[in-house]
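One point on numbering: in the UniProt record's numbering, the residue at position 703 of the sequence shown is 703, and numbering is uninterrupted. Glycine included, C-beta positions come from ideal geometry on N, C-alpha and C.
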Amino acid sequence: MDWLAHHDRLNPSLTRSDWQTPARVLFRPEHRYGARSRMTMERMDMTGTESSTQNSVGSPSRAARLLRWGIPAAMVIAAGVAIRQIPMSTATAQAPARPVARPAAPAAQPTARPAAPAGQPAAQTASRTSPPTMVAPSKKTLQVMAVVNGEQITRTDLGRECMRRFGNEVLESMLNRQLILDACAAQNIVITEQDVDDEVDRIANKFGLPRDRWLQLLREERGFSEQEYRTTVVWQMIALRRLVADKIQVTPEELKMAFESEFGPKVRARMIAVSSKEKADQVLAAAAAKPESFGDLAKQYCEDPAVASARGVIPPIRMHTGDPTLEQIAFSLKPGELSSVIKVANLYYILLCDEQVPRMVLAPQHIPAQQERLTDKLRENKLRVSAAQFFENMRKSAQVVNVFEDPAKQKAMPGVAATINGRPVSMLQLSEECISRNGESVLEGEINRKLLEQQLAKRKLVITQQDIDAEVARAAASFGFVKADQTPDVERWMKTVIDEQGATPDLYIRDAVWPSVALKKLVGNRVEVTEEDLQKGYESNYGPRVEVLACVLTDQRQAQKVWEMARANPTNDFFAELARQYSVEPSSRSNGGQVPPIRRYGGGAAIEEEAFKLKAGELSGLIAVGDQYIILRCLGRTSPVKADFATVKDELVADIQEKKLRILMNSEFDNTVASAQIDNFLAGTSQSGRTSKVGQLPAIAPAGGPAAANNATRVAPASATAPR
Numbered sequence: 001m002d003w004l005a006h007h008d009r010l011n012p013s014l015t016r017s018d019w020q021t022p023a024r025v026l027f028r029p030e031h032r033y034g035a036r037s038r039m040t041m042e043r044m045d046m047t048g049t050e051s052s053t054q055n056s057v058g059s060p061s062r063a064a065r066l067l068r069w070g071i072p073a074a075m076v077i078a079a080g081v082a083i084r085q086i087p088m089s090t091a092t093a094q095a096p097a098r099p100v101a102r103p104a105a106p107a108a109q110p111t112a113r114p115a116a117p118a119g120q121p122a123a124q125t126a127s128r129t130s131p132p133t134m135v136a137p138s139k140k141t142l143q144v145m146a147v148v149n150g151e152q153i154t155r156t157d158l159g160r161e162c163m164r165r166f167g168n169e170v171l172e173s174m175l176n177r178q179l180i181l182d183a184c185a186a187q188n189i190v191i192t193e194q195d196v197d198d199e200v201d202r203i204a205n206k207f208g209l210p211r212d213r214w215l216q217l218l219r220e221e222r223g224f225s226e227q228e229y230r231t232t233v234v235w236q237m238i239a240l241r242r243l244v245a246d247k248i249q250v251t252p253e254e255l256k257m258a259f260e261s262e263f264g265p266k267v268r269a270r271m272i273a274v275s276s277k278e279k280a281d282q283v284l285a286a287a288a289a290k291p292e293s294f295g296d297l298a299k300q301y302c303e304d305p306a307v308a309s310a311r312g313v314i315p316p317i318r319m320h321t322g323d324p325t326l327e328q329i330a331f332s333l334k335p336g337e338l339s340s341v342i343k344v345a346n347l348y349y350i351l352l353c354d355e356q357v358p359r360m361v362l363a364p365q366h367i368p369a370q371q372e373r374l375t376d377k378l379r380e381n382k383l384r385v386s387a388a389q390f391f392e393n394m395r396k397s398a399q400v401v402n403v404f405e406d407p408a409k410q411k412a413m414p415g416v417a418a419t420i421n422g423r424p425v426s427m428l429q430l431s432e433e434c435i436s437r438n439g440e441s442v443l444e445g446e447i448n449r450k451l452l453e454q455q456l457a458k459r460k461l462v463i464t465q466q467d468i469d470a471e472v473a474r475a476a477a478s479f480g481f482v483k484a485d486q487t488p489d490v491e492r493w494m495k496t497v498i499d500e501q502g503a504t505p506d507l508y509i510r511d512a513v514w515p516s517v518a519l520k521k522l523v524g525n526r527v528e529v530t531e532e533d534l535q536k537g538y539e540s541n542y543g544p545r546v547e548v549l550a551c552v553l554t555d556q557r558q559a560q561k562v563w564e565m566a567r568a569n570p571t572n573d574f575f576a577e578l579a580r581q582y583s584v585e586p587s588s589r590s591n592g593g594q595v596p597p598i599r600r601y602g603g604g605a606a607i608e609e610e611a612f613k614l615k616a617g618e619l620s621g622l623i624a625v626g627d628q629y630i631i632l633r634c635l636g637r638t639s640p641v642k643a644d645f646a647t648v649k650d651e652l653v654a655d656i657q658e659k660k661l662r663i664l665m666n667s668e669f670d671n672t673v674a675s676a677q678i679d680n681f682l683a684g685t686s687q688s689g690r691t692s693k694v695g696q697l698p699a700i701a702p703a704g705g706p707a708a709a710n711n712a713t714r715v716a717p718a719s720a721t722a723p724r
């Protein structure tokens with residue numbers, strides 16, 4: 001079981017054949033808008049509740065949601081596992097994604113009577129486990145947080161940068177924390193240490209883990225000390241649960257609907273979503289005339305990029321999870337039957353039914369356990385809604401003044417971040433809380449920025465406003481933000497960055513654009529595009545591709561068994577069932593093994609080599625990629641796209657130049673880090689020059705930290721964009 005969520009990983013070793021593979025991120029994303037709070041879990045959250053996932057129908061995904069600081073938009077292939085499509089255009093100065101708000105934290109460790117003052121700092125985060133370590137003073141008293149080649153980063157510097165990125169969300173959680181404390185005191189709610197102990201044990205048991213192992217995983221994978229976890233997660237969850245206890249009871253009808261959704265009948269279907277009724281009618285007519293072309297029509301017309309890249313394949317439609325009208329129509333279709341045009345919100349949908357899947361029959365002895373699990377899941381979902389309503393009501397009755405985001409109020413109330421019912425939360429308290437929650441990741445990024453600044457100064461290079469403007473324009477054009485005259489539409493691009501991704505112009509320039517420009521300055525004009533490069537780029541984008549079903553596993557013994565079962569029953573339907581049952585990669589599991597076609601020079605040489613050997617109906621061997629084992633079943637090949645080489649040459653040249661430039665930028669950054677003397681007192685790491693003080697490579701790692709390289713070959717969800 002994948003107990004803890006993992007960030008997307010990228011290939012740490014790009015080669016000259018990887019023109020279609022994006023470069024690595026250079027700064028850690030945890031302190032950027034592209035990262036979620038450490039309290040976010042992907043499949044199972046730290047409260048022991050499965051995070052709910054619903055069909056994508058009605059809410060098309062956006063390419064921008066995949067954006068990370070310093071990473072091209074197609075950052076969804078895991079280290080060369082090229083069973084996904086990557087767009088030709090890439091960008092480094094793309095918009096950072098909106099951060100997920102960190103849940104509010106109580107002011108102190110759970111006590112019999114909550115009465116901590118507003119804004120009291122939470123327990124400090126434990127150091128992440130990254131060797132080498134050194135004896136350091138208390139993190140609460142550190143005034144110099146890091147020394148980079150002799151230059152200091154002070155606590156004041158770090159606090160300022162933490163507040164720049166996370167000040168609003170941390171302040172909101174501090175105010176929410178105080179509201180919880182006040183409400184508990186008003187209702188005489190007492191939460192004891194034993195209550196917290198019991199809840200931690202309950203959560204650990206849900207994962208089938210002993211308490212100490214669960215806490216170890218939180219410490220190693222999320223950087224939470226036991227005390228911080230108890231006070232910032234468990235205590236608050238118990239408090240909210242008791243405060244809204246009357247609103248989170250699960251009714252028999254709700255449990256029945258959840259059971260039907262989980263174990264009831266499902267519809268395996270393909271989908272096309274467009275925003276125009278006229279276009280929907282045209283696509284429906286084309287699909288009705290030639291049903292076998294539905295996948296091609298989805299790829300060409302569907303306005304949800306993730307669905308388009310999968311040729312219309314979507315996760316099975318379940319009962320009670322989406323739009324009732326769409327569900328009713330889906331369940332009424334026969335296999336091979338097309339739906340009419342279905343309007344949901346502002347989009348028009350067309351469904352093609354592949355299969356009506358009967359309900360799952362559970363053994364009687366297993367039903368109580370599943371009912372308990374679903375009841376917990378429903379209760380926690382209700383808790384989220386009720387908690388939001390609770391905070392809204394409490395804020396209406398409380399006198400809350402947010403000084404932090406109002407320059408005028410800052411002048412009138414210097415040193416104050418907010419007041420709640422007349423009680424102040426100081427800027428110092430906010431700074432310390434931000435450092436406690438996000439200090440390590442922000443400091444890592446500031447260290448990297450300091451290294452780039454030093455290199456620029458050493459080589460007497462200067463970044464001008466013209467350089468910044470040019471990089472923003474390049475990013476806008478690479479994401480398709482162009483005007484009628486084909487010039488970059490910078491204004492619309494910046495509006496998208498601000499409105500959809502939640503980034504401010506200042507942070508976008510500082511965290512995305514400036515580092516990209518800096519590395520380009522340091523690399524200089526060293527990129528050469530050869531004829532071989534152009535031929536590979538042309539074949540990759542316009543040549544034939546291998547259509548496959550894929551099953552991804554992490555255990556070699558199980559992979560061998562699945563391979564033997566696939567060989568014994570060599571049909572597409574049986575392989576699809578194997579993928580649904582055994583694949584650990586979400587997209588291939590939910591889609592019955594269907595993945596975008598594999599192309600040449602997509603970044604995964606081992607997979608490409610095996611795939612292009614296969615003929616329709618043939619099974620691959622076990623393909624070992626990192627710590628995963630991939631099995632492919634060939635469906636056939638796509639026809640090459642007819643494109644005149646001379647016509648597309650300029651586009652290929654520009655794309656290859658950009659990708660090769662990213663590779664050089666990666667190398668430049670790696671060399672800069674490796675040769676630097678860095679003492680990170682907050683993380684407890686130190687390195688001097690080429691090797692660390694214990695003879696290891698530097699502990700400061702690109703995105704994902706030291707574990708990124710070990711996880712670099714994980715299969716990630718399909719790209720949000722497709723080149724053709």
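Whole-angstrom distance between residue j and residue i, CA atom to CA atom
| i | j | result |
| --- | --- | --- |
| Ser431 | Gln143 | 13 Å |
| Ser275 | Leu351 | 15 Å |
| Glu372 | Lys206 | 11 Å |
| Ser588 | Val147 | 46 Å |
| Ala606 | Lys659 | 21 Å |
| Gly167 | Phe404 | 8 Å |
| residue 728 | Gly445 | There is no way to answer for residue 728, as the model of the chain reaches only from 1 to 724. |
| Asn421 | Pro596 | 56 Å |
| Pro414 | Met163 | 16 Å |
| Glu433 | Val170 | 7 Å |
| Tyr301 | Leu326 | 20 Å |
| Ser89 | Asp655 | Confidence in Ser89 is poor, its pLDDT being 32 and thus under 50, which makes the residue's placement unreliable; the coordinate value appears in the next sentence. When rounded, the distance between both Cα atoms is 6 Å. |
| Gln556 | Leu635 | 24 Å |
| Arg219 | Leu461 | 41 Å |
| Met237 | Ala363 | 33 Å |
| Val527 | Ile317 | 48 Å |
| Gln558 | Val425 | 55 Å |
| Gly593 | Lys520 | 40 Å |
| Leu507 | Val233 | 29 Å |
| Leu158 | Arg165 | 11 Å |
Cβ shell of residue i (< 8 Å), same chain only, five flanking positions each side left out
| i | result |
| --- | --- |
| Ala646 | none |
| Asn259 | Per the sequence presented here, residue 259 reads as Phe, with Asn not at that position. Same-chain partners within the cutoff: Gln370, Gln371, Leu374. |
| Asn671 | none |
| Ser639 | Pro544 |
| Leu297 | Ile272, Val283, Ala286, Ala287, Gly312 |
| Gly150 | Gln677 |
| Ile468 | Ile509, Val513, Trp514, Val517 |
Beta-carbon proximity of residue i to residue j, cut-off 7 Å
| i | j | result |
| --- | --- | --- |
| Val344 | Leu284 | no |
| Ile463 | Val517 | yes |
| Val490 | Ala473 | yes |
| Trp493 | Ala512 | no |
| Ile248 | Arg384 | no |
| Tyr348 | Ala280 | yes |
| Gln455 | Leu522 | yes |
Cut-off 7 Å between Cβ atoms - residues of its own chain near residue i, not counting five sequence neighbours on either side
| i | result |
| --- | --- |
| Leu578 | Cys551, Val562, Met565, Ala566 |
| Ala643 | Tyr542 |
| residue 725 | The requested residue 725 does not occur in the structure, where the chain is confined to residues 1 to 724. |
| Lys613 | none |
Counterpart residues of residue i in DSSP-defined beta bridges
| i | result |
| --- | --- |
| Lys266 | Val357 |
| Cys634 | Val548 |
| Lys343 | Tyr348 |
| Gln152 | Val147 |
| Pro368 | Pro368 pairs with nothing; no bridge assigned. |
| Val313 | Arg270 |
Proximity test, residue i beta-carbon vs the ligand ZN heavy atom, cut-off 6 Å
| i | result |
| --- | --- |
| Phe390 | Looking for the ligand ZN in the displayed structure turns up nothing, as the structure carries no ligands at all. |
Other residues of its chain near residue i: CB distance less than 6 Å, five sequence neighbours each side excluded
| i | result |
| --- | --- |
| Glu471 | Ala93, Val513, Ser516, Val517 |
| Lys586 | In the sequence as displayed, the identity of residue 586 is Pro instead of Lys. Cβ within range, chain order: n/a, list empty. |
Q) What are the uninterrupted segments assigned as beta strand (DSSP E) that are 3 or more residues long and contained completely in the region 399-427, given in chain order? A) 400-402, 416-420, 423-426
**Q.** Whole alpha helix (DSSP H) elements within the region 491-526, 4-residue minimum
**A.** 505-508, 514-523, all fully within the region 491-526.
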